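Mapped onto UniProt numbering, the consecutive letters of the sequence shown carry residue numbers 1 to 912.
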Amino acid sequence: MPSPAKKRKLNNDGKQPSIPSRGLEYFFSKQKQNGAVQQQSSTDQANGVEDAKPDEELTDEELARKLQAQWDQEDAQRARDAADPTSQGIAPAPSEPPESSGTSTEHATEPAKPREVAPVDASNRDKKGTLSLQSVAASVDTVSESIPFDESPLTFEPSKYVHLLQDHWSSEGGDASYALLTRCFILINGTTSRIKIVDTLVNCLRVLIEADPSSLLPAVWLATNSISPPYISLELGLGGSAISKALKQVCGLDNRSLKAIYDKYGDAGDVAFEAKKKQSFTLRRPKPLTIKSVYQSLVKIASSQGQGSAEVKQRIVDRLLQDARGGEESRYVVRTLCQHLRIGAVKTTMLIALSRAFLLSRPADADFPLRSTVELSKLKKEELAEVWSRPEEIVKACFARRPNYNDLVPIMLEIGVCDELLIRCGLTMHIPLRPMLGSITRDLSEMLTKLQGRDFACEYKYDGQRAQVHCDENGKVSVFSRHLEVMTDKYPDLVELVPKIRGEGVSSFIMEGEVVAVDRQNGELKNFQTLTNRARKDVAIGEITINVCLFAFDLMYLNRQPLLDRPFRERRELLKSLFIEIPHHFTWVKNIDATSQDSETVLEFFKSATESKCEGIMVKILDNLTDVPGPGPAVDAQEGALEDTVLSAPPTPSKTKSRAKGKGKGKGKAGDAAAAEKKPSSRRKPLLATYEPDKRLDSWLKVKKDYSASFDTLDLIPVAAWHGSGRKAKWWSPILMAVRNEETGSLEAVCKCMSGFTDTFYKANRKFYNDGSGEAEEGEETTEDDGYANNDSDDGMDEQGEEKYKNTRKTKPNFVEYSGGNPDVWFEPQEVWEMAFADITLSPVYTAAIGLVSQDRGLSLRFPRFLRKREDKGIEEASTNEFLAGLWRKQEAKAPAAPVKEVDEDEEDLYN
C-alpha cells in the first residue's frame with residue numbers, strides 16, 4: 001500500500017504540491033496570531049516554565065507545555081471568578097491543578113523527565129483548535145495497581161475491591177480491564193515461589209469471579225498463553241516483523257533504535273516495555289484495553305486468512321500496542337502475541353488456582369456452597385492441604401477428560417467444584433482426552449523390582465506415532481495425536497479402515513494405538529523417519545506411498561460407556577474380542593503376560609522387540625491389587641524407584657550433591673532416632689490398573705533401548721551452544737556435541753542435546769563456560785561446588801578485576817566442522833560428556849563420519865540424552881567418527897535399512 005507521501009507525489013506528477021504540508025508549527029503559529037502568546041511572560045513567571053529561548057526556537061513539546069500552562073491558569077481564574085464575582089486579575093497557578101485539566105504544574109517544569117509529565121488533556125475544553133496530548137507514563141491504571149493479589153487467599157477479601165473496580169470499569173465500558181490481569185502477571189513474574197504464584201492467581205481469579213464473571217474465561221486463556229485447545233486449530237501466525245513494525249510506528253522508533261534495545265534486553269516483551277517508556281506523549285488518549293478485547297483481538301488475528309490477512313493482523317497488533325497503557329501492559333501484550341508469556345502459570349497451576357478460587361468465591365447469581373476463610377485459617381498446614389486436595393483432583397480429572405476451558409469454566413461458574421462437575425465434563429466423542437503416560441525405567445532389573453508380586457503385561461513399544469481414534473454410531477472418525485492435535489486429514493486410509501474393524505454390537509468407541517509405517521506385502525515394520533515422510537494434511541488415498549498399520553493397545557470408551565475405571569486386563573479383553581483384525585492394516589500390539597519370576601522370558605521379549613525395530617517395551621499392571629505383600633523388605637514405590645535409579649544409571653553431579661545433602665540432615669542422636677523410627681513399610685503402595693488420563697504412573701513402565709544400560713553410549717565433546725528461551729533464557733540450551741576425527745584432528749558436529757540436564761547443571765555449566773562477561777547470572781548459585789572442573793565459587797573476576805574465564809569464543813574455531821545455523825557461543829573444547837541415544841540417522845546438516853557411510857551426508861543421534869561428565873577422560877579419549885560409523889553399521893546389520901527421512905537440525909520426535 002503506497003504511503004500518503006507517495007500518493008501526493010503520484011497525484012502531482014512530480015510537481016510541487018499546490019498546498020504546502022503543515023506541521024505542528026503551523027497550528028501553534030495560529031495560536032500566536034490569536035493572542036495566545038501575549039501573556040507568555042506572565043504565564044512563565046507564574047508556572048515556572050523556562051523561557052531561555054524565543055518561541056520560534058521552542059520544540060513542539062515545550063510550546064505545548066507553555067500553552068497548556070496558560071490554559072490551566074485561565075481555567076483556574078474562571079473558577080475563582082464564578083465563586084467570587086468581585087475577584088479580578090489573574091491569580092498565580094494553584095499547586096494542585098483542577099481535576100478537569102488533569103495536569104501537574106510541578107511536573108510541567110521538568111522537561112528532562114518527559115516520562116513523568118502528567119497528561120496534558122484539553123479534550124474537554126470548549127476551545128476549538130487545541131491539541132490534546134496524553135502522557136503515556138501517567139496513564140497507568142492506579143486502581144488495579146493497588147490490589148494486593150500476592151496476599152494469602154485466606155486473608156485476601158475480594159469484596160473490598162469489587163465495587164471500586166466496577167465503578168472504575170463502568171466509565172470504560174463495564175468490562176474488567178487488562179490492567180488487572182497485568183497486575184497479576186507482574187506479581188507472578190516477580191517470584192519463583194510456586195505457592196506465591198498459585199496464591200496470586202487464586203486472588204486474581206476470585207476478583208474476576210465476583211466482579212466480572214464474563215471476563216474469567218478469556219483471562220484464563222490469556223494467563224495460560226493460549227487461545228484455544230490443541231484440537232481446535234487457532235494459530236496467531238504472527239512473525240517478529242509484525243510486532244517490530246507496530247513498535248516502530250507506535251513508539252516512534254527507527255530500526256537502529258529498536259535493534260539497540262533488543263540487543264540489550266533480548267526479550268520481545270522487555271523491548272516493548274523500554275520502547276513504550278521512550279514514548280512520552282501520544283496524540284490521542286488510548287482506549288483502555290480490557291481482558292475481553294485483548295482475547296477477542298487474538299482470536300481475530302488467528303481467524304484472519306487469505307488475501308489481505310497480513311494487513312488485517314498488522315492493524316490489530318498496532319491498535320493493541322497503541323491502547324496499551326504504560327510499559328507493563330505493552331510488555332505482556334507483546335509476550336502474549338509472541339505466545340511466550342513466561343509467568344509460570346502452566347496448566348497444572350491454573351487448574352489448582354481455579355479449584356481453590358471456586359472454593360472461596362462465587363458469582364453473584366450462583367448459590368453453590370463456599371468454605372469460610374476464617375475456618376480455613378485455623379487449620380494446620382496438613383489439614384488445609386487435605387481441604388484443597390479433593391477439589392484439585394476433581395478439576396484436574398475434568399480437564400484431563402475434556403481439555404477445554406470453554407467447557408470447564410462456564411460449568412464451574414454455575415455449580416462450582418463438586419462431583420457433578422465430573423459428570424458434566426466427562427468423556428465426549430470427537431473431543432480427545434489427555435493420554436495416560438508411562439514412567440521411565442533404566443533397565444529391566446529396575447522394572448522387575450518395581451513390579452514384584454504383581455502380574456503384568458509386556459508390550460512392544462512400536463516406533464511410530466501414538467494415536468487416539470474416535471468412531472461414533474454414524475461411522476464418523478477422528479484421529480488425534482498424543483498432544484491432542486487433529487491428524488484425521490493425515491491418515492485418510494485409517495479413517496476409511498476404522499468403521500470396518502467394529503465387531504458385532506460395537507456402535508461407538510475410543511481406542512488408543514500406535515500408527516506404524518509397514519510394508520504392506522510382508523508386514524515388515526519401518527522406522528519413525530519413514531512415517532514422517534507422509535504429508536501432514538490434504539492427503540489423497542490414491543496418492544499414498546507409505547502404508548501404515550494401527551496397532552491397538554487400549555480401549556477407553558465403548559457404546560457410550562467410559563471404561564477408564566475398568567482394570568487393564570478387562571479393557572484389553574474387550575479390545576481383542578469385539579474388534580476384527582485385518583492383517584497389515586489393523587491388529588493388536590504384540591504382548592506377553594508375566595510375573596517377576598519370568599525375568600528370562602521378559603529379557604528375551606525385550607530383545608525381540610528391539611530386533612524388530614521397536615523402541616523397547618511397555619509394562620502394564622493387569623489387575624487392581626490394592627494390598628500385595630512383597631518378598632523381602634518391601635519399599636515404597638517411589639523410594640524404590642529412586643534407589644534403583646542410583647544403582648543402575650550414573651547420576652549427574654547435581655543429583656549426587658542433592659542426595660549428599662539429604663544424608664547430611666539429622667546427624668547425631670536425634671537424626672539416628674528419626675532414621676530408626678522410619679522403617680520401611682511392610683505393604684506396598686497400591687498400583688491400580690485403571691486408565692488415568694494425563695498422569696504418569698508406575699502402573700505403566702517403559703523400558704526403551706536408549707535408556708538401557710546394555711546398549712552403547714558415546715563420549716562426546718561440547719563445542720557450542722545457543723541461549724535458551726523462557727525459563728532457560730539465562731543458560732545455554734541446546735548444546736552442540738561433536739566426535740573426533742583422528743586423521744585430521746578436527747571435531748565433527750553430531751547432534752544438539754537438551755535432555756538429561758538439571759537446573760543446577762545449567763548454572764554450573766554457564767559459569768564454567770563463561771563468555772568473558774565476568775558477571776554472575778542473576779540468582780546463580782556461586783558459593784557451592786557442584787563437582788565440575790574449574791567451577792570456582794566467585795563472581796568470575798580475579799583480584800585485579802580482570803576476566804579469568806576464557807572458555808568461549810564468538811567465532812567458530814577452524815577445527816570444528818558444522819554446517820548448520822550459527823550458535824550464540826562457541827566453546828573451547830576441554831570436556832567429555834557421556835551421552836545416551838536411541839538411534840543413529842543420516843543427516844545433511846551434521847558432518848560426523850561424513851564420507852565413511854555416505855559421501856555427502858554425515859551421521860546424527862536421535863534422542864540424545866546427557867548421562868554424566870567423564871572427568872576421567874580428556875578430549876583425546878572422546879569417541880571418534882570411526883567408532884560412530886561402526887555403531888551405525890551394527891545398527892543397520894540388526895535391522896535392514898529402510899528409506900529414511902534425513903534428520904535436519906535434530907528434528908524433534910513430538911509423538912514419542
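Virtual Cβ for every residue (Gly too), placed ideally from N, Cα, C.
Being a predicted model, the structure only gives us computed values, none of them experimental.
CB-CB length for residue i against residue j, believed under 8 Å
i      : j      : result
Ile209 : Thr200 : At roughly 15 Å, the Cβ-Cβ gap does not stay under 8 Å, so Ile209 and Thr200 are not in contact.
Tyr818 : Thr847 : 6 Å
Asn559 : Ser507 : 5 Å
Phe509 : Lys620 : Their Cβ separation, rounded to whole angstroms, is 20 Å, which puts Phe509 and Lys620 out of contact at 8 Å.
Lys461 : Cys614 : 6 Å
Val312 : Ile227 : At roughly 16 Å, the Cβ-Cβ gap does not stay under 8 Å, so Val312 and Ile227 are not in contact.
Phe606 : Leu444 : 6 Å
Arg194 : Phe149 : Actually they do not touch by this definition, with Cβ atoms about 16 Å apart.
Met429 : His470 : 6 Å
Lys450 : Asp623 : Not quite, the Cβ-Cβ distance comes to about 16 Å (not below 8 Å), so this is no contact.
Gly745 : Phe815 : 7 Å
Phe579 : Gly503 : 5 Å
Sub-8 Å separation of residue i and residue j beta-carbons
i           : j      : result
Ala467      : Met487 : yes
Glu748      : Ala764 : no
Asp715      : Arg870 : yes
Met511      : Leu575 : yes
Ser177      : Ser144 : yes
residue 945 : Met436 : The structure shown does not extend to residue 945, since the chain is modelled only from 1 through 912, so no value can be given for it.
Ala366      : Leu413 : yes
Pro499      : Gly475 : yes
Val825      : Ala721 : yes
Met350      : Leu433 : no
Val417      : Ile394 : yes
Leu341      : Val333 : no
Leu236      : Ala302 : yes
Ala242      : Cys338 : no
Ser355      : Glu392 : yes
Tyr762      : Ser733 : yes
Pro158      : Val207 : yes
Ile415      : Cys425 : no
Leu359      : Leu370 : yes
Asn881      : Arg740 : yes
Phe837      : Leu852 : no
Gly616      : Leu531 : no
Gly858      : Ser879 : no
Asp175      : Asp141 : no
Asn533      : Ile544 : no
Glu831      : Ile717 : yes
Bridge partners - residue i, DSSP secondary structure assignment
i           : result
Ile510      : His470, Tyr557
Cys753      : Ile735
Gly173      : For Gly173, which the question treats as bridged, DSSP gives no partner whatsoever.
residue 913 : In the structure displayed, the chain extends from 1 to 912; residue 913 sits before or after that span and is not available.
Pro562      : Tyr557
Ser439      : Leu701
Leu588      : Before going further, note that residue 588 is Trp rather than Leu in the sequence given. DSSP, once it has assigned bridges, lists Ala552 as partnering Trp588.
Ala764      : In DSSP, Ala764 forms no bridge with anything.
Ser860      : Thr841
Val619      : Cys458, Leu701
Ser478      : His470
Phe358      : Paired residue(s): none; Phe358 is not in a bridge.
Neighbour flag for residue i against chain B, beta carbons, 8 Å
i      : result
Pro369 : Protein chain content of the structure displayed is limited to a single chain, and chain B is not contained in it.
Exercise for review: Indicate whether the contact test is met: 3 or more Cβ pairs, each with one atom in the region 861-869 and one in the region 753-762, closer than 8 Å.
Suggested key: Output reads yes: the region 753-762 touches the region 861-869.
Review point. Which runs of the alpha helix (DSSP H) fall wholly inside the region 378-407 and span at least 4 residues, in chain order?
Key: The alpha helix (DSSP H) runs lying completely inside the region 378-407 and spanning 4 residues or more are 381-401, given in chain order.
Review point. Are the region 254-274 and the region 319-336 in contact at 8 Å, needing three or more beta carbon pairs?
Key: Segments in contact, yes.
Practice item. Say whether the region 541-552 touches the region 574-593, bearing in mind that this needs 3 or more beta-carbon pairs closer than 8 Å, one atom from each stretch. Key: Judged by Cβ distances under 8 Å, the region 541-552 makes contact with the region 574-593, as three or more pairs qualify.
Check your understanding: Is the region 150-166 touching the region 303-321, taking contact as three or more C-beta pairs under 8 Å?
Key -> With a cut-off of 8 Å, the region 303-321 and the region 150-166 do not count as touching, because too few Cβ pairs lie within range.
Check your understanding: Between the region 219-228 and the region 286-297, do three or more beta carbon pairs fall short of 8 Å?
Key -> Contact between the region 219-228 and the region 286-297 is established, with three or more Cβ pairs separated by less than 8 Å.
Check your understanding: What residue ranges within the region 707-749 form continuous alpha helix (DSSP H) runs of no fewer than 4 residues, ordered along the chain?
Key -> Here no run is fully enclosed.
Point to revise | Uninterrupted alpha helix (DSSP H) stretches inside the region 242-308 (no shorter than 4 residues) | key: Counting only runs of 4 or more, we get 255-265, 268-278, 291-303.
Check your understanding: Of all the beta strand (DSSP E) runs that stay within the bounds of the region 142-190, which reach a length of 3 or more residues?
Key -> Positions of the beta strand (DSSP E) runs, each at least 3 residues long and wholly inside the region 142-190, cannot be given because no such run exists.
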